[in-house]
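A quick write-up on the structure given underneath.
Numbering (the UniProt record's numbering), first residue to last: 1 to 512.
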């Protein structure tokens with residue numbers, strides 16, 4: 001019973017281990033299932049927001065082009081030195097601009113020489129990269145600049161919303177237009193605050209969607225849209241154009257070194273990544289899902305809130321399984337005990353049978369194969385009992401007959417020995433008498449004349465001697481052979497008696 005209970009404990013432990021393994025797999029699958037719709041929603045939100053923002057920006061682009069050309073007409077000069085700051089301030093106020101800057105060539109650079117904001121004066125296009133300078137140079141020459149985004153035409157460049165290059169202490173985002181009035185030596189740069197697009201993005205864009213998702217899902221700690229390229233090359237965030245940020249939308253407060261390494265790897269290998277981390281005492285599942293435009297949607301999920309239901313379910317399942325095993329154990333123990341007892345009965349019967357007890361019987365009445373086995377063994381015992389009993393009876397008879405035969409053979413040998421001795425003596429006496437008689441006849445005949453008749457008589461006398469010798473020898477030989485036969489019979493009867501005794505001794509080991 002102890003072994004069976006131990007086996008049940010081992011089964012319960014193995015079952016728990018298997019459940020934990022599959023539970024972890026289910027958690028990962030659940031994370032993927034829950035994170036994928038969120039990522040898809042955010043991706044759709046980004047696409048919709050980008051589309052709407054581009055439409056708004058397009059309208060602003062046309063407005064900025066008209067404003068820039070109008071400013072060129074208002075300045076009414078082709079020389080930058082003729083432009084006064086008072087003119088710029090008045091135009092800014094009249095047109096409700098965020099600012100107005102005049103760019104002109106200075107040495108081998110194009111810089112801001114006049115502006116409504118003194119912070120902009122001295123701004124160097126080369127300081128923000130060769131691309132910025134090259135595009136500004138194209139505008140100043142009356143050519144069409146080449147940019148990936150924004151509106152361009154000959155002598156005109158309207159950038160997407162970008163960060164101001166001169167406001168270092170507090171980043172500000174503006175919409176910039178660059179226009180070269182025909183025949184002038186300067187570039188008009190009016191700009192407005194990108195409040196309309198920014199406000200739209202904040203109200204209906206990914207940031208708003210992220211906030212709603214975080215409120216609806218208690219297991220979501222934070223969501224953000226990240227740019228892996230900026231994490232791999234942080235200097236991109238300092239570029240004037242195109243505007244790049246590490247965190248484009250949402251928060252990234254739980255950032256770790258491992259996250260940064262994952263994002264760097266996703267630049268070249270944009271595949272889904274899941275990482276289990278402990279940050280500030282909180283255990284988090286972090287999910288990184290790549291989307292279009294080299295962006296990554298990042299989700300930080302509360303590990304405890306996500307796994308608690310699974311662990312509760314697993315505990316309930318394990319307890320239920322253990323209770324089921326215990327109930328099964330209690331139900332099956334009597335059954336197995338009965339089987340064990342029946343096996344022991346048959347085992348004891350076979351053990352006693354091996355020890356020579358041919359009277360032992362087993363009583364198994366459970367209707368199983370053990371009952372069939374018990375009946376078969378009982379039949380075998382009965383047959384062995386009958387066989388050994390019959391063998392013992394025959395051995396007893398054999399022993400009794402062999403003893404009688406041995407006694408009679410012994411008496412016959414003695415009688416034969418006496419008879420042989422007497423017969424031999426008589427034969428020798430008769431032979432001696434015959435020889436004496438023939439010798440006497442021979443003496444008489446020697447006195448007679450030696451003729452043919454006498455010689456014939458001598459020959460017959462020699463023949464009679466030979467016959468008498470042969471008969472005496474034959475009688476002696478027959479007596480000896482008969483004696484040997486009786487002695488052999490006596491020995492064989494004794495051997496048979498010994499065999500019968502040995503067989504009876506062997507049979508005596510059995511209990512009949």
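For glycine and all other residues, C-beta sits at the position ideal for the given N, C-alpha and C.
Given residue 143, which residues of its chain have a CB within under 8 Å of its CB, disregarding the five upstream and five downstream residues? 154 and 155
Just tell me which of 182, 492, 484 and 264 has its CA closest to the CA of residue 230. 264
Mind reading off the beta-carbon distance from residue 296 to residue 206? Whole number of angstroms is fine, and I expect it under 8 Å. Contact doesn't hold; Cβ gap of about 13 Å is too wide.
Among 83, 355 and 95, nearest to residue 506 - alpha-carbon criterion: 355
When you compare the CB positions of residue 224 and residue 188, do they come within less than 8 Å of one another, or not? no
Among 383, 374, 479 and 453, which residue has its Cα nearest to the Cα of residue 530? No answer is possible for residue 530: it lies beyond the span of the chain, which begins at 1 and ends at 512.
List the endpoints of the continuous beta strand (DSSP E) containing residue 250. 247-250
Measuring only the C-alpha atoms, how far is residue 141 from residue 290? 42 Å
Please work out which residues of its chain come closer than 8 Å, Cβ to Cβ, to residue 276, disregarding the five sequence neighbours upstream and downstream, and give them in chain order. 283, 284, 285, 286 and 303
Residue 363 vs residue 392 beta-carbon contact at 8 Å: no
According to DSSP, which residues form a beta bridge with residue 101? 115 and 189
So, for residue 85: in the same chain, excluding its five sequence neighbours on each side, which residues have a beta-carbon less than 7 Å away from its beta-carbon? 114
Identify, in the order they occur along the chain, each residue of the same chain with its Cβ nearer than 6 Å to the Cβ of residue 45, setting aside the five sequence neighbours on each side. 206 and 209
Between the CA atoms of residue 38 and residue 216 - distance to the nearest angstrom: 11 Å
Which residues in the same chain have their Cβ closer than 8 Å to the Cβ of residue 232, if we skip the five residues on either side of it in sequence? 263, 264 and 267
Between the C-alpha atoms of residue 315 and residue 329, what's the straight-line distance to the nearest angstrom? 20 Å
Taking only three categories from DSSP, how would you classify residue 222? strand
Taking only beta-carbon atoms, is residue 319 less than 8 Å away from chain C? No chain C appears in this structure, which consists of one protein chain only.
6 Å Cβ shell around residue 136 - same chain, five flanking residues per side excluded: 110 and 125
Give me the residue from 457, 504, 472 and 379 with the minimum Cα distance to residue 397. 504
Closest residue to residue 90 among 117, 435 and 66 (Cα-Cα distance): 117
Rank 174, 158 and 353 by C-alpha distance to the C-alpha of residue 380 and give the top, closest one. 353
How would you label residue 57, buried or exposed, when you count the other beta carbons within 10 angstroms and need 16 or more for buried? buried
Bridge partners for residue 124 per DSSP, in chain order? 111
I need the boundaries of the alpha helix (DSSP H) containing residue 92, first residue and last residue. 85-95
In whole angstroms, give me the CA-to-CA distance for residue 443 and residue 407. 54 Å
Answer yes or no: do residue 151 and residue 61 have a C-beta to C-beta separation smaller than 8 Å? yes
If residue 191 sits next to residue 129, beta carbons under 8 Å apart, how far is it from one beta carbon to the other, in whole angstroms? Rounded, the Cβ-Cβ distance is 19 Å, inconsistent with contact.
Comparing C-alpha positions only, which one of 93, 219 and 427 sits nearest to residue 309? 219
Cβ shell of residue 496 (< 6 Å), same chain only, five flanking positions each side left out: 402
State the Cα-Cα distance for the pair residue 238 and residue 123, rounded to the nearest angstrom. 15 Å
Find out if the Cβ-Cβ distance for the pair residue 313, residue 252 is shorter than 8 Å. no
Relative to the C-alpha of residue 386, which candidate in 372, 369, 365 and 359 has its C-alpha closest? 359
Helix, strand or coil: which one does DSSP assign to residue 290? strand
Taking all protein chains shown into account, do 16 or more other C-beta atoms lie within 10 angstroms of the C-beta of residue 160, making it buried, or fewer, making it exposed? buried
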